[in-house]
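Chemist: I have a structure here, written as structure tokens, and I will follow up with some questions on it.
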Amino acid sequence: MQKHLGRGVLVFLLVITCVAAGSEGRSILVGDSQGWRAGTNYTQWAIQNSPFHINDTLVFKYPPPGNSTVAQSVYLLPNLWSYITCEFRGAKLLGSANEGAGEGFTVDLNQWRPYYFASAEGNAYDCIAGLTKFIAVPSTRSLSFTHHPN
Numbered sequence: 238m239q240k241h242l243g244r245g246v247l248v249f250l251l252v253i254t255c256v257a258a259g260s261e262g263r264s265i266l267v268g269d270s271q272g273w274r275a276g277t278n279y280t281q282w283a284i285q286n287s288p289f290h291i292n293d294t295l296v297f298k299y300p301p302p303g304n305s306t307v308a309q310s311v312y313l314l315p316n317l318w319s320y321i322t323c324e325f326r327g328a329k330l331l332g333s334a335n336e337g338a339g340e341g342f343t344v345d346l347n348q349w350r351p352y353y354f355a356s357a358e359g360n361a362y363d364c365i366a367g368l369t370k371f372i373a374v375p376s377t378r379s380l381s382f383t384h385h386p387n
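Residue numbering for the sequence shown is 238 to 387, as defined by the numbering used here.
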């Protein structure tokens, strides 16, 4: 009985690992049809589009700067403190003002950790106001198992 139980646990763990590792993610347009733009509350958007999962891909689209559009950028901030204070030292530029045009660019959520996104344009005014920033914390996909008695 003990040997059979040990094998069952091992098989169960292997199935979970394979399913979690092999699951394909969603492609998610940040801001939906409006895209990434100044003055938008992306925290609300992130709540409505969560949960995010490992292997999901975020797509950032925004128009290039022009007479009628405000320049945008996308940074990955290094930690929660940088996110809260809108401190961009140590942040990684993911998309400059021109990189959101056309098909935009993608960011893969491929690690189990918080991703802190924000725009630094306009002296980070929107970020400081709580706009044009959000947090994505991908999780593994949940699996549901049905117990069948023998």
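Ideal Cβ placement from N, Cα and C applies to all residues, glycine included.
Remember, it's a predicted structure, so these values are computed and weren't measured experimentally.
1. By DSSP, does TYR320 sit in helix, in strand, or in coil?
2. Considering only C-alpha positions, which residue in the set PRO288, GLU261 and PRO300 is nearest to GLU340?
3. Let me know the secondary structure DSSP gives ALA361 once reduced to three states.
4. Since SER393 contacts VAL311 with CB under 8 Å, what's their CB separation in whole angstroms?
5. For ALA275, which of helix, strand or coil comes out of DSSP?
6. Given this structure, state the Cα-to-Cα distance separating ALA283 from LEU266, to the nearest angstrom.
7. Given a threshold of 16 other Cβ atoms within 10 Å of its Cβ, counted over all protein chains shown, does THR369 qualify as buried or as exposed?
8. Between the Cα of TYR352 and those of GLY359, LEU331 and ILE365, spot the shortest distance and give me the residue it belongs to.
Modeler: Looking at the atomic coordinates:
1. helix
2. PRO300
3. coil
4. Shown here, the chain extends from 238 to 387; a query on residue 393 therefore has no answer.
5. coil
6. 11 Å
7. buried
8. LEU331
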